[in-house]
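Protein chains in written order, with the numbering used here: chain Z, 547 to 760; chain D, 547 to 760.
Note that CB positions come from ideal geometry on N, CA and C, so glycine has one too.
To keep things clear, I will list the structure first and then write my remarks on it.
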DNA sequence: CCTACCGATCGGTAGG
DNA sequence: CCTACCGATCGGTAGG
């Protein structure tokens with residue numbers, strides 16, 4: 547046998563997570579029973595309990611893996627070459643590319659974190675905060691004169707709002723006339739042009755003026 | 547007695563809806579039992595069943611009233627005086643003002659429509675489509691040269707994305723430094739400036755040219 | 001005689 | 001890794 551016991555175990559868990567993400571997205575976490583999951587997996591409830599100690603462990607593993615992937619993408623793009631604006635553009639495109647094939651996991655992340663107990667919920671929320679922070683940094687670096695402590699979070703959530711709920715209307719792989727890549731282009735155009743329209747910070751101008759007179 | 551039987555009945559139902567919206571927002575529809583609702587209302591389950599024939603009827607009444615309010619707002623703003631751009635600006639502000647004090651109902655609308663059976667779900671979805679359509683019309687009227695059949699839905703959902711998930715991060719009434727009205731200003735600035743950056747439609751330009759040469 | 005409820009419990013099913 | 005179950009709780013309804 548080529549595959550070891552451990553790797554097979556992991557493969558089984560991945561299949562369970564795939565099915566669970568679909569079920570949680572369709573009926574939510576409390577609306578999905580372990581019997582639902584067993585049936586969707588074509589197996590028994592007892593078999594599920596062999597791979598995971600409980601329903602919550604399935605949700606936690608699912609969300610931990612997914613948020614880990616989002617952090618990896620955001621971290622990778624933050625270290626990419628090019629100008630800050632080019633990096634922000636790449637970040638938008640990279641996230642929408644990920645969202646295109648992670649719809650069910652994304653829905654579970656947005657709707658079901660609240661059903662984890664605090665000890666499991668906290669690391670997931672921390673990961674989400676980390677992703678938001680990486681976006682905030684990317685926006686601030688691209689538009690240093692437009693972003694301040696007051697509008698920083700709002701601008702970040704405004705950009706997230708544009709891309710984070712595509713699953714509600716945009717289907718993957720050419721269901722409609724507009725692809726995820728097309729939409730990324732549109733988000734980039736509207737957001738980045740929109741940022742240029744914001745008033746420049748007074749202190750940013752002063753800092754520049756001070757620097758230029760010394 | 548000043549209050550009639552009917553109006554008292556209606557008052558009771560409104561109080562139930564208020565509590566139910568809070569519960570559904572916090573724990574989702576399937577995660578909320580009739581016992582939970584009864585306890586939160588400080589009453590008995592039997593009393594709940596006196597006012598509503600079932601749990602689903604509570605969710606339906608809640609969502610029907612809320613979507614009705616959203617349609618009323620969008621319809622009112624569509625008929626307001628001023629330029630198309632001023633109307634779009636007013637529409638953004640009016641929706642964010644509504645969202646500020648409808649957070650729990652809004653969460654229930656976004657997460658729990660799927661738990662209604664098809665006969666009850668369809669009118670709610672139709673109402674949502676109506677709201678989207680009114681926004682699409684407002685955007686198209688404000689920027690006739692930037693909107694076409696391909697980007698119309700995407701631009702509408704992009705604007706909805708900016709405002710529709712404020713409940714995830716923006717708290718009502720000055721919890722933070724940024725108010726809902728401030729955020730509406732920011733959305734207006736970024737979106738409307740962003741729209742100006744989109745390429746003008748070829749046929750729109752041609753139509754204008756044709757008109758000017760005749 | 002109806003409405004507006006009550007305490008108690010129905011038949012089934014949840015996670016484990 | 002299945003069958004046979006558990007304590008508890010689900011949405012909904014009985015009699016009075």
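What residues from chain Z crowd round residue i, counting only those whose CB sits closer than 8 angstroms?
| i | result |
| --- | --- |
| residue 681 of chain D | None at all; the shortest Cβ gap to chain Z is about 12 angstroms. |
CB residue i to CB residue j, shorter than 8 angstroms?
| i | j | result |
| --- | --- | --- |
| residue 727 of chain D | residue 638 of chain D | no |
| residue 644 of chain D | residue 616 of chain D | yes |
| residue 704 of chain Z | residue 736 of chain D | yes |
| residue 708 of chain D | residue 708 of chain Z | yes |
| residue 625 of chain D | residue 636 of chain D | no |
| residue 586 of chain Z | residue 631 of chain Z | no |
| residue 610 of chain D | residue 664 of chain D | no |
| residue 575 of chain Z | residue 661 of chain Z | yes |
| residue 674 of chain Z | residue 602 of chain Z | no |
| residue 620 of chain Z | residue 716 of chain Z | no |
| residue 642 of chain D | residue 700 of chain Z | no |
Nearest CA to the CA of residue i: which residue from the options?
| i | options | result |
| --- | --- | --- |
| residue 722 of chain Z | D/562, D/606, D/697 | D/697 |
| residue 712 of chain Z | D/659, D/613, D/702 | D/702 |
| residue 570 of chain Z | Z/557, Z/653, Z/596, Z/594 | Z/653 |
| residue 747 of chain Z | Z/583, Z/734, Z/659, Z/691 | Z/691 |
| residue 733 of chain D | Z/604, Z/744, Z/575 | Z/744 |
| residue 655 of chain D | D/629, D/604, D/596, D/740 | D/604 |
| residue 651 of chain D | D/613, D/583, D/664, D/669 | D/613 |
| residue 607 of chain Z | Z/576, Z/556, Z/719, Z/589 | Z/556 |
| residue 685 of chain D | D/596, D/633, D/564 | D/633 |
| residue 640 of chain D | D/648, D/629, D/628, D/623 | D/623 |
| residue 710 of chain Z | Z/672, Z/558, Z/567, Z/648 | Z/648 |
| residue 618 of chain D | D/741, D/742, D/683, D/676 | D/676 |
| residue 577 of chain Z | Z/657, Z/591, Z/563, Z/706 | Z/657 |
| residue 600 of chain D | D/566, D/629, D/695, D/573 | D/566 |
| residue 563 of chain Z | Z/628, Z/572, Z/583, Z/741 | Z/583 |
| residue 589 of chain D | D/742, D/558, D/629 | D/558 |
| residue 581 of chain D | D/628, D/595, D/591 | D/591 |
| residue 572 of chain D | Z/659, Z/672, Z/695 | Z/659 |
| residue 513 of chain D | D/593, D/740, D/561 | Nothing about residue 513 of chain D can be reported from this structure: the residues present for chain D run from 547 to 760 only. |
| residue 706 of chain Z | Z/682, Z/579, Z/714 | Z/682 |
| residue 714 of chain D | Z/695, Z/742, Z/671, Z/594 | Z/671 |
List the residues of chain Z that residue i touches, going by C-beta distances under 7 angstroms, in chain order.
| i | result |
| --- | --- |
| residue 700 of chain D | 724, 729, 732 |
Going along chain D, which residues have a C-beta under 8 angstroms from residue i?
| i | result |
| --- | --- |
| residue 708 of chain Z | 704, 707, 708 |
Would you mind telling me which residues of chain Z sit closer than 9 angstroms to residue i, beta carbon to beta carbon, in chain order?
| i | result |
| --- | --- |
| residue 581 of chain D | The contacting residues do not exist; residue 581 of chain D stays about 14 angstroms from chain Z at best. |
| residue 611 of chain D | Per Cβ cutoff of 9 angstroms: no residues; residue 611 of chain D is ~22 angstroms from chain Z at best. |
Whose Cβ in chain D lies nearer than 7 angstroms to the Cβ of residue i?
| i | result |
| --- | --- |
| residue 713 of chain Z | Correct list: empty, because the minimum Cβ distance to chain D is about 11 angstroms. |
Below 9 angstroms on C-beta distance, what does residue i contact in chain D?
| i | result |
| --- | --- |
| residue 744 of chain Z | 732, 735, 736, 739 |
Can residue i be considered in contact with the ligand HEM, in the sense that its beta carbon sits closer than 7 angstroms to one or more heavy atoms?
| i | result |
| --- | --- |
| residue 570 of chain Z | Although the ligand HEM was asked about, the structure shown includes no ligands whatsoever. |
Residues, ordered as in the chain, of the region 591-607 of chain D that lie near chain Z by beta-carbon distance below 7 angstroms
Closer than 7 angstroms at the C-beta level to chain Z, one finds no residue of the region 591-607 of chain D.
Segments assigned alpha helix (DSSP H), at least 4 residues, entirely inside the region 567-627 of chain Z
580-587, 591-597, 601-624
Mind checking the region 662-696 of chain Z against chain D and listing, in chain order, the residues whose C-beta falls within less than 7 angstroms of any C-beta there?
696
Mind listing, in chain order, the continuous alpha helix (DSSP H) runs of no fewer than 4 residues lying wholly within the region 664-729 of chain Z?
664-688, 698-710
Listed in chain order, which residues of the region 626-650 of chain D have Cβ atoms closer than 7 angstroms to some Cβ of chain Z?
none
For the region 563-588 of chain Z, list every residue whose C-beta sits within 9 angstroms of some C-beta in chain D, in sequence order.
572, 573, 574, 575, 576, 577, 578
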